[in-house]
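Asks: Take a look at the following structure, please.
This is the structure:
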C-alpha cells in the first residue's frame, strides 16, 4: 500500500529520490520499474508500479476506439506513459516534457494513493489542498458514511 505525503526535491537533471520506506516494496512489486504518466484531471503526474500500470493499460486498450472520451483518455494516459526504473541510489529520472506538463520544478510532493503515487509541484499541491479542504463536501460525507465499520 502506497500511502503518505512526502516533500521531495528534483535535482537539475530531473532525478528524484524515492523515499526509503517505499523502495523495497517497489523492487518487490515490479522490480523497481514504474510507469509515469500525466493525470488527465489534475496538474500532476501519476507513478504506477509496473504491475499496477499493466492492469490499467489493459483496461485502456479495451475502451471503444470510436468514443471521443475514451480516445482522449488513451491519448493522455498511454500517450504520455514513460518507463522509469529505480537506480542504485533509489532515484528515478523524470523526462523534461512530463515535468513541464505537471509544472514540476525543484520542490515536489509525492502523495501515496494506495496502488500509485501522485507527484505534484509543491505550490500546486498547497493550493489544491486549501481548495479541497474549503469545498462543501456534503455528497462526500454521505459516501464516507458507507465506509464506517
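Residue numbers (this note's numbering): 14 to 162. Where a beta carbon is used, it is the ideal one built from N, C-alpha and C, also for glycine. Quantities reported herein were computed from a predicted structural model and do not represent experimental measurements.
#1: Please return the same chain residues whose Cβ sits closer than 6 angstroms to the Cβ of residue 61, not counting the five positions on each side in sequence.
#2: Which partner residues of residue 116 appear in the DSSP bridge assignment?
#3: Here's a check: name, in chain order, each residue in its chain whose Cβ is nearer than 6 angstroms to the Cβ of residue 114, leaving out the five neighbours to either side.
#4: The alpha helix (DSSP H) that contains residue 48, what's its start and end?
#5: Starting from residue 34 and walking both ways along the alpha helix (DSSP H), at which residues does that stretch end?
#6: Return the chain-ordered list of same chain residues with a C-beta closer than 7 angstroms to the C-beta of residue 91, the five sequence neighbours on each side being excluded.
#7: Indicate whether residue 104 and residue 29 have their beta-carbon atoms separated by less than 8 angstroms.
#8: Tell me which residues share the same chain as residue 116 and place their Cβ nearer than 7 angstroms to its Cβ, disregarding the 5 neighbours each side in the sequence.
#9: Identify whether residue 146 lies in helix, strand or coil by the three-state DSSP scheme.
#10: If you scan the segment 45 to 115 from start to end, which runs of the alpha helix (DSSP H) of 4 or more residues do you find wholly inside it?
#11: From the DSSP output, read off the bridge partner residues of residue 131.
#12: Less than 8 angstroms between the CB atoms is what I'm expecting for residue 36 and residue 99, so what's the real figure, rounded?
Replies: According to the structure data:
#1: 48 and 129
#2: DSSP, once it has assigned bridges, lists no residue as partnering residue 116.
#3: 51
#4: Looking at the DSSP string, residue 48 is not in any alpha helix (DSSP H); the run it does join, the beta strand (DSSP E), is 46 to 51.
#5: 33 to 41
#6: 70 and 73
#7: yes
#8: 56, 134 and 137
#9: helix
#10: 63 to 74, 81 to 90 and 109 to 114
#11: 59 and 124
#12: 6 angstroms
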